[in-house]
Amino acid sequence: MDAKSIYFADEFRSFMKSAQGLTDDDFKKIMPDIKVKILNSNDKDPIKIFYSIMDFISQNWHKQTPAPVHADWHHFIVPGVLLAALRNAGYEVTDKDIEEGMQRGEKFFGGSCGFAGTCGGAYGAGIALSIFYKINPLYDEKRSEIMEIVSDILKQISKYKRRCCKRSSLIAVKKVIDYLNNKNIDKIQIVEHIRCKWCQINKMCLGKDCVFNMQ
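Position one of the sequence shown corresponds to residue 2 (this note's numbering), numbered consecutively onward.
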């Protein structure tokens with residue numbers, strides 16, 4: 002069966018995991034440790050935290066093959082690293098806020114870019130901003146403003162025709178920080194040079210056509 006012929010979400014995810022020799026349990030084993038790693042981070046740069054989480058996953062992945070490049074965990078890692086960096090920079094963000102952000106992100110189903118026309122990284126960015134500003138659906142202007150930011154993130158992500166959870170996550174994190182810095186929320190800064198570290202293991206890599214490519 003050709004994976005491209007499968008348009009039912011659960012069937013596609015089962016097929017892809019089976020093709021890689023993976024099960025749901027393989028992901029569940031490491032998820033709690035990723036969350037603890039994010040909560041225990043102390044850096045003010047969300048990109049640095051993101052890289053540290055990716056390194057942690059690679060080093061602690063229990064299978065013989067490399068950790069998947071594309072995985073649902075990016076959906077909660079994006080809000081997690083953003084909120085953790087804001088907390089570490091001294092803003093009014095609690096551990097409970099970070100846990101809430103990761104919980105919301107984890108609920109967003111994998112493959113949403115193809116099955117729902119939206120990316121979990123952009124969704125995670127919206128989660129982080131919603132929690133940072135402490136809003137809910139009853140808010141008007143800020144709710145609309147956050148939706149516009151998420152829309153801008155999706156527009157930038159959609160420029161790249163092939164999926165890449167790493168690229169989409171990095172775009173989402175950078176756009177949020179740019180937005181916050183423009184709002185004079187500037188104790189949180191991106192210091193780390195943003196570049197790709199996964200092109201060699203990503204079979205769908207765009208190479209030099211990716212904004213984060215090192216070549």
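Beta carbons: idealized from backbone N, C-alpha and C, even for Gly.
Item                                                                                                                                  : Value
Environment of Ala-126 [buried if 16+ CB atoms lie within 10 Å]                                                                       : buried
Three-pair Cβ contact test at 8 angstroms for the stretch 153-168 versus the stretch 191-209                                          : yes
Beta-carbon contacts of Cys-114 that lie in its chain and below 6 angstroms, excluding the five residues immediately before and after : Cys-120 and Arg-164
Gly-91 versus Lys-188 - alpha carbon distance                                                                                         : 8 angstroms
Cβ separation of Val-82 and Ala-123, assumed to be a contact under 8 angstroms, to the nearest whole Å                                : About 15 angstroms; that fails the 8 angstroms criterion.
Residue environment, Ala-4, which counts as buried when at least 16 other CB atoms sit within 10 Å                                    : exposed
Neighbourhood of Tyr-134 by C-beta, 6 angstroms cutoff - its chain only, sequence neighbours within 5 removed                         : Lys-143
C-beta contact flag for Leu-87 and Gly-102 at 7 angstroms                                                                             : no
Ser-15, enclosing alpha helix (DSSP H) - first and last residue                                                                       : 10-20
Validate contact between the stretch 7-22 and the stretch 33-53 using beta carbons, cut 8 angstroms, 3 pairs                          : no
Top-ranked residue by Cα proximity to Ile-99, from Ser-145, Ser-42 and Asp-141                                                        : Ser-42
Continuous alpha helix (DSSP H) stretch holding Ile-7: start and end                                                                  : Run containing Ile-7: none; DSSP gives neither H nor E here.
C-alpha gap between Lys-23 and Ile-58, whole angstroms                                                                                : Rather than Lys, the amino acid found at residue 23 in this sequence is Leu. About 15 angstroms.
Beta-carbon gap between Ile-147 and Leu-171 smaller than 7 angstroms                                                                  : no
Whole alpha helix (DSSP H) elements within the stretch 142-195, 4-residue minimum                                                     : 142-158 and 166-183
Whole alpha helix (DSSP H) elements within the stretch 70-99, 4-residue minimum                                                       : 75-89
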